[in-house]
Amino acid sequence: MMMKIGLMALAACALTVAGSASAATDENPFARDQVMLDLKGLDLATTDGQQRLAIRMDQAARSVCGEGMARVHLMAERKAQDCRAAVKADIRTRIEARMATASTPSRVQLASAR
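Put into structure tokens, the structure is as follows:
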């Protein structure tokens with residue numbers, strides 16, 4: 041129950057995702073510098089919520105890094121793929137950090153309640 045409350049609190053937040061300098065393509069007119077990832081309405085304790093999060097993460101990564109770059113050059117597509125992987129990893133890291141932060145006070149309250 042406490043885990044679900046923590047996940048719901050996390051889902052009420054929004055993350056700002058920016059492409060990493062090493063992975064982002066230089067001056068890419070098909071991409072943005074950053075994007076806001078909205079986690080509202082997601083219950084990450086369910087499979088459906090996790091699938092919806094994966095879709096939103098993919099959309100955010102494509103917005104930051106660009107897509108369809110193979111039409112321009114195969115090397116540009118490879119850089120965009122690397123960038124998307126880095127952005128998704130960054131999102132996962134941020135979510136895990138927020139979950140750890142959100143669940144820490146609950147543990148302290150439970151320990152002090154005994």
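Residues 41 to 154 (the working numbering) are what the sequence shown spells out, left to right. The beta carbon of each residue, even a glycine, is placed where N, CA and C say it ideally should be.
Exposed unless 16 or more other CB atoms sit within 10 angstroms - verdict on residue i
i	result
residue 130	buried
residue 1	With the chain covering only 41 through 154, there is no way to say anything about residue 1.
residue 106	buried
residue 80	exposed
residue 140	exposed
residue 120	buried
residue 109	buried
residue 142	buried
residue 114	exposed
Neighbourhood of residue i by C-beta distance below 6 Å, restricted to the same chain and skipping five residues each side
i	result
residue 64	Because residue 64 carries a pLDDT of 43, less than 50, the predicted location of this residue cannot be relied on, and the following value inherits that uncertainty. Once the five neighbours on either side are set aside, the close Cβ partners of residue 64 are 123.
Spell out a yes or no on whether the region 90-102 and the region 127-142 are touching, meaning 3 or more CB-CB pairs, one atom from each, closer than 8 Å. yes
Return the chain-ordered ranges of every beta strand (DSSP E) run that is complete within the region 101-135 and spans a minimum of 3 residues. none
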